[in-house]
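Chains D and F, in that order, are what the protein sequence lines are. Per my numbering, the first sequence starts with residue 7, numbered consecutively. Per my numbering, the second sequence starts with residue 848, numbered consecutively.
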Amino acid sequence: MDNVKLAITTLINALLILCIYGFSSTVSAETSPPNKAEQNSTRHVVTYNRDSDYKCTQCHKDAKQALLGTHGEEVTKELGKELKCVQCHDSISAEHRENSPKVTKYSAAQSKAGKNKHQLNVDSILSSTANCNECHTPEKLQEQNWTHDVHAKNATCSNCHVVHADGEKQGIQAKPKKQQIEFCVECHQDFNSTDDQGE
Amino acid sequence: MSCTRRDLLIGTGAIIFTTGITSVSSRTLAAVMSDGKKRYGMVFDSSACIGCTKCTEACRETNNVPEGVSRLEITRSGPIGEHPDVKYRFDRTSCQHCDNAPCVHVCPTGAAYKDQATGIVDVEADKCVGCGYCLVACPYQVRFFHPETGSADKCNFCRDTNLKAGKLPACVLSCPTNALVFGDLNDPDSEINKVIANNTVYRNKVELGTQPKLYKIADGKGEIKR
Ligand code: SF4
Ligand code: SF4
Ligand code: SF4
Chain D
7 MDNVKLAITT
17 LINALLILCI
27 YGFSSTVSAE
37 TSPPNKAEQN
47 STRHVVTYNR
57 DSDYKCTQCH
67 KDAKQALLGT
77 HGEEVTKELG
87 KELKCVQCHD
97 SISAEHRENS
107 PKVTKYSAAQ
117 SKAGKNKHQL
127 NVDSILSSTA
137 NCNECHTPEK
147 LQEQNWTHDV
157 HAKNATCSNC
167 HVVHADGEKQ
177 GIQAKPKKQQ
187 IEFCVECHQD
197 FNSTDDQGE
Chain F
848 MSCTRRDLLI
858 GTGAIIFTTG
868 ITSVSSRTLA
878 AVMSDGKKRY
888 GMVFDSSACI
898 GCTKCTEACR
908 ETNNVPEGVS
918 RLEITRSGPI
928 GEHPDVKYRF
938 DRTSCQHCDN
948 APCVHVCPTG
958 AAYKDQATGI
968 VDVEADKCVG
978 CGYCLVACPY
988 QVRFFHPETG
998 SADKCNFCRD
1008 TNLKAGKLPA
1018 CVLSCPTNAL
1028 VFGDLNDPDS
1038 EINKVIANNT
1048 VYRNKVELGT
1058 QPKLYKIADG
1068 KGEIKR
């Protein structure tokens, strides 16, 4: 019986020694890499740039900063992440530098012909506003102001709103009632007089 | 029947007066104000109105109407339909310039009166004692007390402002969609009579016998609320 006990004790001791040896060798392995890195410091290190807006803002310098006026902190809080350029301006093509023919734009446009206004067909207006409508749902917009409803097919958002700027201060919602009425009058007078001329 | 020198002079004077004026009348409103019997009326085209309320603002500025009261209201009802085809309806609430005006009949001082030369129902502020009979009597509920003068007030087709200056009423001039037409209902060639003849028009509460002179063009968005 004593033999068996001795054999077990020896085995445990042997295992313990093996474990300690193994641990010490790992520790020494962990401390060694800095020496290697020091040797390689002359080589170029590639780091990932996780900011997809970085490239955009190299040319569109103030666009991002301006956007934060309308789509800044509040939006980040609501979405749980920052809004990126490509989330609205998608389909950027290889020919982007040549008049950017494919990227989705949201310029001011309306369905009726006006003197100094860009005219778009109803489908193009709807596809332009569809992206905004994902967050600014038609239900919310209706609640905020009835005029959203009647322009759904007839005007892009930027016809009245300043998206890349402090909308709280520069947008139509920041204006007193009298000036808001002038927004209506300006466009409607314009295309009504254009209608009269038979255009 | 004898014709005195005096009668003849008055007669020829009248002919020169009227013919002289009619040549001008087609161009300026100031001239027609004094030219015989007019029956001024208005058309509100609810199919053209966009509900911008520019007319209300213009009236406010032209006729010194303070905030809180109004000679003209644009009311909106809706929404009708689903996105992206939501519609709204717009209506105009203002004095109808009744030919048979209840407000005039009940006024004890004669402050509420109908101008015989133009058919415009107006208020002589100095005569108004503020009893409020007219406010109650008006079936269209368009009269109010002016906060500054304390007398009854309402639309008078800009009689003492724009009309006096030979211009069209402020609301008509300001409307971006030409939803308002103003003119003489007695003149068969006037624009207002052409508009009335060529559209489906209605007037509010005609069954009361008030003979209103505010015509409305239906908006084609459902039942007419009279
Ligand atoms: S609408 Fe009212 S205020 Fe105007 S004339 Fe008729 S009764 Fe008088
Ligand atoms: S006609 Fe003149 S007073 Fe009457 S609602 Fe229009 S602007 Fe006001
Ligand atoms: S100004 Fe013309 S379009 Fe605007 S609310 Fe008045 S009547 Fe309607």
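Every residue, glycine too, gets a C-beta built ideally from N, C-alpha and C.
Residue from the options whose Cα sits closest to the Cα of residue i
{"i": "Gln988/F", "options": "Asn910/F, Leu919/F, Gly1069/F and Cys899/F", "result": "Leu919/F"}
{"i": "Cys978/F", "options": "Asp969/F, Pro1023/F and Phe991/F", "result": "Phe991/F"}
{"i": "Pro144/D", "options": "Cys906/F, Ala1012/F and Pro926/F", "result": "Pro926/F"}
{"i": "Gly120/D", "options": "His77/D, Cys94/D, Ile187/D and Asn165/D", "result": "Asn165/D"}
{"i": "Lys1011/F", "options": "Asp1036/F, Lys1041/F, Ile967/F and Ser1037/F", "result": "Ile967/F"}
{"i": "Asn1003/F", "options": "Thr996/F, Asp962/F and Ser893/F", "result": "Asp962/F"}
{"i": "Arg907/F", "options": "Phe197/D, Lys184/D, Gly78/D and Thr16/D", "result": "Lys184/D"}
{"i": "Pro955/F", "options": "Ser894/F, Leu1055/F and Ala984/F", "result": "Ala984/F"}
{"i": "Lys884/F", "options": "Lys1052/F, Asn1045/F, Asp1034/F and Glu1054/F", "result": "Asp1034/F"}
{"i": "Thr903/F", "options": "Phe197/D, Glu101/D and Glu188/D", "result": "Glu188/D"}
{"i": "Ala171/D", "options": "Lys87/D, Asp68/D and Ile18/D", "result": "Asp68/D"}
{"i": "Cys945/F", "options": "Ala1044/F, Glu995/F, Tyr887/F and Cys1005/F", "result": "Tyr887/F"}
{"i": "Trp152/D", "options": "Ala959/F, Arg939/F, Ser924/F and Lys1063/F", "result": "Ser924/F"}
{"i": "Asn1045/F", "options": "Asp1036/F, Val1053/F and Lys1052/F", "result": "Asp1036/F"}
Residue i versus residue j: straight-line alpha-carbon distance, rounded
{"i": "Thr63/D", "j": "Lys108/D", "result": "18 Å"}
{"i": "Gln1058/F", "j": "Gln116/D", "result": "42 Å"}
{"i": "His930/F", "j": "Lys159/D", "result": "9 Å"}
{"i": "Cys193/D", "j": "Gln125/D", "result": "12 Å"}
{"i": "Ser872/F", "j": "Ala1017/F", "result": "Only weak support exists for where Ser872/F lies, its pLDDT of 38 falling under 50; the coordinates are left without a value."}
{"i": "Ala972/F", "j": "Ile1039/F", "result": "30 Å"}
{"i": "His157/D", "j": "Lys974/F", "result": "48 Å"}
{"i": "Ala1075/F", "j": "Ser1021/F", "result": "No information on residue 1075/F is available, as it lies outside the stretch 848 to 1073 that chain F covers here."}
{"i": "Asn137/D", "j": "Tyr112/D", "result": "10 Å"}
{"i": "Glu1070/F", "j": "Tyr1049/F", "result": "12 Å"}
{"i": "Val1019/F", "j": "Ser130/D", "result": "35 Å"}
{"i": "Gly75/D", "j": "Lys175/D", "result": "9 Å"}
{"i": "Asp1031/F", "j": "Val1042/F", "result": "12 Å"}
{"i": "Ser199/D", "j": "Tyr980/F", "result": "44 Å"}
{"i": "Glu104/D", "j": "Glu80/D", "result": "34 Å"}
{"i": "His154/D", "j": "Leu89/D", "result": "23 Å"}
{"i": "Asn9/D", "j": "Ala20/D", "result": "16 Å"}
{"i": "Ser134/D", "j": "Thr110/D", "result": "8 Å"}
{"i": "Ala1065/F", "j": "Gln943/F", "result": "17 Å"}
{"i": "Ser998/F", "j": "Cys950/F", "result": "14 Å"}
{"i": "Thr82/D", "j": "His66/D", "result": "21 Å"}
{"i": "Arg56/D", "j": "Asn139/D", "result": "27 Å"}
Chain D contact for residue i (CB, 7 Å cutoff)
{"i": "Thr1024/F", "result": "yes"}
{"i": "Pro931/F", "result": "yes"}
{"i": "Pro926/F", "result": "yes"}
{"i": "Asp1066/F", "result": "no"}
Cut-off 6 Å between Cβ atoms - residues of its own chain near residue i, not counting five sequence neighbours on either side
{"i": "Met889/F", "result": "Phe1029 and Leu1061"}
{"i": "Cys91/D", "result": "Asp59 and Cys62"}
{"i": "Cys896/F", "result": "Phe937 and Ala1026"}
{"i": "Leu1015/F", "result": "Phe1029"}
{"i": "Leu1055/F", "result": "Pro986"}
Interface flag, residue i vs chain F, CB-CB below 7 Å
{"i": "Ile98/D", "result": "no"}
{"i": "Glu205/D", "result": "Because the pLDDT of Glu205/D is 33, which lies under 50, any placement of that residue in the model is unreliable, and the number read from its coordinates should be weighed accordingly. It does not: the Cβ of Glu205/D has no partner Cβ on chain F nearer than 7 Å."}
{"i": "Pro144/D", "result": "yes"}
{"i": "His170/D", "result": "no"}
{"i": "His194/D", "result": "yes"}
{"i": "Ile178/D", "result": "no"}
{"i": "Val191/D", "result": "yes"}
{"i": "Lys159/D", "result": "yes"}
{"i": "Ile187/D", "result": "yes"}
{"i": "Asn151/D", "result": "no"}
{"i": "Asp129/D", "result": "no"}
{"i": "Asn198/D", "result": "yes"}
{"i": "Asp59/D", "result": "no"}
{"i": "Asp155/D", "result": "yes"}
Close Cβ partners of residue i (< 8 Å) along its chain, the five nearest in sequence each way excluded
{"i": "Lys901/F", "result": "Ser1021, Cys1022 and Pro1023"}
{"i": "Asp1000/F", "result": "Val912, Val916, Arg918, Val970, Ala972, Arg990, Phe991, Phe992 and His993"}
{"i": "Asn127/D", "result": "Ser117"}
{"i": "Arg49/D", "result": "none"}
Same chain, Cβ closer than 7 Å to residue i, neighbours up to 5 away in sequence not counted
{"i": "Cys899/F", "result": "Pro1023"}
Original post:
Using a beta-carbon distance cut-off of less than 7 Å, what residues from the region 895-919 of chain F approach chain D?
Top reply: Ile897, Cys899, Thr900, Lys901 and Glu904
**OP:** Taking a Cβ distance cut-off of 7 Å, strictly less, list which residues of the region 76-88 of chain D are near chain F, in chain order.
**Re:** none
Original post:
If you measure beta-carbon to beta-carbon, which residues of the region 1048-1063 of chain F are closer than 9 Å to chain D?
Top reply: none
Original post:
Relative to chain D, which residues along the region 935-959 of chain F have a C-beta separation below 7 Å, given in chain order?
Top reply: Tyr935
Original post:
If contact means a Cβ-Cβ distance below 8 Å, which residues of the region 110-121 of chain D contact chain F?
Top reply: Cβ contacts with chain F: none found.
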